[in-house]
Amino acid sequence: MAALIHRAEYAGYDFGPEHPFAPARLDMLLDLLQSLGHGVSPIAAPAATRAEILAIHDEAYVSAVEALDQGRPAPDAERFGLGTPDNPIFPDMDLATRWLVGGTLHGARMLMAGQEQRVLQLGGGLHHAQKDHAAGFCLYNDLAVAIQALLEHGWRVAYLDIDLHHGDGVQDLFYGNDRVLTLSIHESGHYLYPGSGHIQDLGNGPARGLSVNIPLEPFTEAGDYLEAFDAVVPRALAWFAPDVLVVQAGADAHFADPLGDLALTTQAFQSLYERIFSLADAHAQGRVLLTLGGGYEAQVVARVWAILCLTLLGLPLPEHLPAVWMDRWRHLLGPGIPGELHDPASALPDLPGREARSRRNRDVVTRLLDSLHRLWL
Amino acid sequence: MLVNEIMRRPVTVIEAATPLGEAFRQLQARGFRHLPVVDRGRLVGIVTDRDLRLATSSLSPAPRTALEPVSLVMTSPVLTADPLDPVEDAARIMRDRKIGCLPVLDGSDLVGILTGMDLLDALILLTGVTKPSSRLEVALADRPGELARLTAFLAARHVNIHSILTHPGADARVRTVLRVGSSQTRPLAEALRTDGFEVLWPAQKPWQP
């Protein structure tokens, strides 16, 4: 009752050789799964149509993407967040993004049809994209398009964002909707992009209490992270009782990620995935739709997302990485990569300031729960 | 940034002869803390909710009644600002005199009012945290051209700057905090260090050599 979604066209979502959101990361992951001998065969979904994109995005913005993608000049590109270092313009970017949105939307439809209980879209997770502009490597918001379809099916949707960065696009798009609960656990916006996702941002009007943010200190490690997760997420899901859980499973909270400052290990990600599946079983009738997301160190995301895929499919986790895979990707793995799936036990030294950091993280969770208890009565 | 860009308008005022009880009801109903007081169209004073509560308190040696006029408890004359004053000057006056608002006069016309809340809005706007952005903090030497070197570095990489704040740091260096429209500040920080800049944030990860 679990399925993967992917197709070769996802590789077309490519901002160029200097950009961190590199398609090779996905190729490495798929090749790792194949090399482990599991013969996974992902489902190829159709591209989202223009009309499906317009369920979330403004026409003026979509038209600007279409114009730029065909090389036509759009003098106000930067107003739409395009042509920036984060979102360079690339050929056929409209269709490339619609392939990703289509995959996530297809996953939602499989759940609605009762075909599957657990679906993982191997791509997408473009959580920063806003109604009228691109942001943070994200052009169209595949998650929001899928959530909108689930809402139209009559379901109440819980969204969980474990990407390093705050899931601002999805939060903002449903900020006043009392049938969507958004939960985001991320490095604090006091430092990191996009600068939002504070504990005081709780939702608007009837949706007050339905936007939940857990911002963590830079250099936060697995212990604190999971403690904060456990203090907030199960309670929120039990209280909201959604029909489905949508998860943005970015892997950039790993300690080796080049863009962030959180310090999760592969072992922490495994615990996180196990928690997510059992929470979906307990509070969302077992229905969960996951996408990938951020994660910019190739050797890390291949291992972390392989753990996600294997956990989803109920397959055993191997101890060692296949030698053929290591050889094939040597140029991206870099030297000195240990041959195991998990990080070595000694990956992180004792970090300075750990006690003060833990205290601040606990204070943030206490303050957040103080506000939520009042709203969740 | 000038006072007329962030002041509120139109201004709600009360007549000097208004009874204290009526003034209090108006403050409550509108959620205000300050009301400029006018007499024949001219600004003659200002009254706050605190003035009203203190004047009518049973703890006061000679409590006023709800029927007495606000002219008896208002502060007069009033400190005012000009619409073309820089915001930082208005902030300094309010801080020095420990007051919560400044009516804004253009000649003798009351054209707006500036409160502490408006200054907080201005601070948020000035720090640039209203747009998707990341924090970059650099310690610059206190000499001509250093800030230019930093902004030229960012311009060359097409990184948009949403805000720049500077304040004097320890050791005579200028702490410069930028909000930049890029999620890639960690690689940016590495490149800045290579170019000889002292980057305070993003800091080097404690577990990386």
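Chains as they are written, first to last, in my numbering: chain B, 5 to 381; chain G, 1022 to 1230. No residue lacks a Cβ here, since even glycine has one placed at the ideal position from N, Cα and C. Model, not experiment: these values are computed from the prediction.
Should residue i be counted as a contact of the ligand NAP given a C-beta to heavy atom distance under 7 angstroms?
i: S1097(G); result: Questions concerning the ligand NAP fall outside what the structure shown contains, since it holds no ligand whatsoever.
Listing by chain order, which chain G residues have their CB less than 9 angstroms from the CB of residue i?
i: T186(B); result: In chain order: nothing, as chain G lies at least about 17 angstroms away.
i: H132(B); result: P1153 and S1204
i: D172(B); result: P1153
i: P27(B); result: Going along chain G, no residue has its Cβ under 9 angstroms from P27(B), so there is no contact; the nearest lies around 18 angstroms.
i: P342(B); result: Within 9 angstroms Cβ-Cβ: nothing; P342(B) doesn't reach chain G, min ~16 angstroms.
Would you kindly work out how many angstroms separate the C-alpha atoms of residue i and residue j, rounded to a whole number?
i: G213(B); j: T1151(G); result: 22 angstroms
i: F178(B); j: R160(B); result: 12 angstroms
i: L196(B); j: E1158(G); result: 12 angstroms
i: G43(B); j: A288(B); result: 29 angstroms
i: H169(B); j: L263(B); result: 10 angstroms
i: D165(B); j: L187(B); result: 6 angstroms
i: E1043(G); j: A1087(G); result: 8 angstroms
i: A28(B); j: C1122(G); result: 58 angstroms
i: L72(B); j: Y277(B); result: 38 angstroms
i: L1186(G); j: A12(B); result: 46 angstroms
i: D172(B); j: S1079(G); result: 51 angstroms
i: A66(B); j: C313(B); result: First, the residue type needs correcting, since residue 66(B) is Val and not Ala in the sequence shown. Cα to Cα, V66(B) sits roughly 32 angstroms from C313(B).
i: G1149(G); j: V1024(G); result: 19 angstroms
Just the chain G side, please: which residues come within less than 8 angstroms of residue i by C-beta, in chain order?
i: A139(B); result: P1153
i: H169(B); result: S1204
i: L355(B); result: P1227 and W1228
i: F223(B); result: K1226 and P1227
Starting from residue i, trace the beta strand (DSSP E) both ways and give me its first and last residue.
i: N217(B); result: S215 to L220
i: I9(B); result: A6 to I9
i: D1060(G); result: H1055 to D1060
i: R1000(G); result: Lying before the first or after the last residue shown, residue 1000(G) is absent from chain G, which here runs from 1022 to 1230.
i: A162(B); result: V161 to D165
i: E191(B); result: V184 to E191
i: W1222(G); result: E1219 to W1222
i: T295(B); result: V292 to T295
i: G1133(G); result: D1130 to T1136
i: T1187(G); result: I1182 to P1189
Please classify residue i as buried or exposed, where buried requires at least 16 neighbouring CB atoms within 10 angstroms.
i: E56(B); result: buried
i: H377(B); result: exposed
i: K1226(G); result: buried
i: H335(B); result: exposed
i: S1155(G); result: buried
i: S282(B); result: exposed
i: I189(B); result: buried
i: E221(B); result: buried
i: V328(B); result: exposed
i: S1203(G); result: buried
i: A112(B); result: buried
i: D1216(G); result: exposed
i: H324(B); result: exposed
i: L206(B); result: buried
Counting only Cβ pairs nearer than 8 angstroms, list the residues of chain B close to residue i.
i: S1184(G); result: Residues of chain B passing the Cβ test: none, with the nearest at roughly 11 angstroms.
i: S1203(G); result: T88, P89, D90 and Y197
i: V1220(G); result: Near V1220(G) there are no residues of chain B at all, since even the closest Cβ is about 13 angstroms away, more than 8 angstroms.
i: R1156(G); result: H194, Y195, L196 and G199
i: P1057(G); result: Going along chain B, no residue has its Cβ under 8 angstroms from P1057(G), so there is no contact; the nearest lies around 32 angstroms.
Identify the continuous alpha helix (DSSP H) that holds residue i and give its terminal residues.
i: C1122(G); result: That residue, C1122(G), is in no alpha helix (DSSP H); its beta strand (DSSP E) goes C1122 to D1127.
i: I280(B); result: T270 to H287
i: E1211(G); result: T1206 to T1215
i: V105(B); result: M97 to M116
i: Q121(B); result: Looking at the DSSP string, Q121(B) is not in any alpha helix (DSSP H), and its letter there is neither H nor E.
i: V305(B); result: A302 to L317
i: H335(B); result: R334 to L337
i: Y65(B); result: E63 to D73
i: D205(B); result: Careful: D205(B) lies outside any alpha helix (DSSP H) and carries neither H nor E.
i: R260(B); result: Checking the sequence shown, residue 260(B) turns out to be Ala, not Arg. Counting along the chain, A260(B) falls outside any alpha helix (DSSP H), and DSSP gives it neither H nor E.
i: R361(B); result: R358 to L379
i: N1025(G); result: V1024 to I1027
Give the residues of chain B in contact with residue i, contact being defined as C-beta atoms less than 7 angstroms apart.
i: R1180(G); result: For the sequence presented, residue 1180(G) should be read as Val rather than Arg. Residues of chain B passing the Cβ test: P89.
i: V1198(G); result: Per Cβ cutoff of 7 angstroms: no residues; V1198(G) is ~11 angstroms from chain B at best.
i: V1150(G); result: G199
i: P1223(G); result: D265
Strictly below 7 angstroms CB to CB, what residues from chain G border residue i?
i: L382(B); result: In this structure chain B extends from 5 to 381, so residue 382(B) is not present and cannot be described.
i: F259(B); result: W1228
i: P262(B); result: R1207 and P1208
Could you please give me the residues that DSSP links to residue i through a beta bridge?
i: L1157(G); result: L1199(G)
i: T1069(G); result: H1055(G)
i: D247(B); result: Looking at the DSSP assignment, D247(B) forms no beta bridge with any residue, so it has no partner.
i: E225(B); result: A267(B)
i: H324(B); result: E344(B)
i: I1035(G); result: V1058(G)
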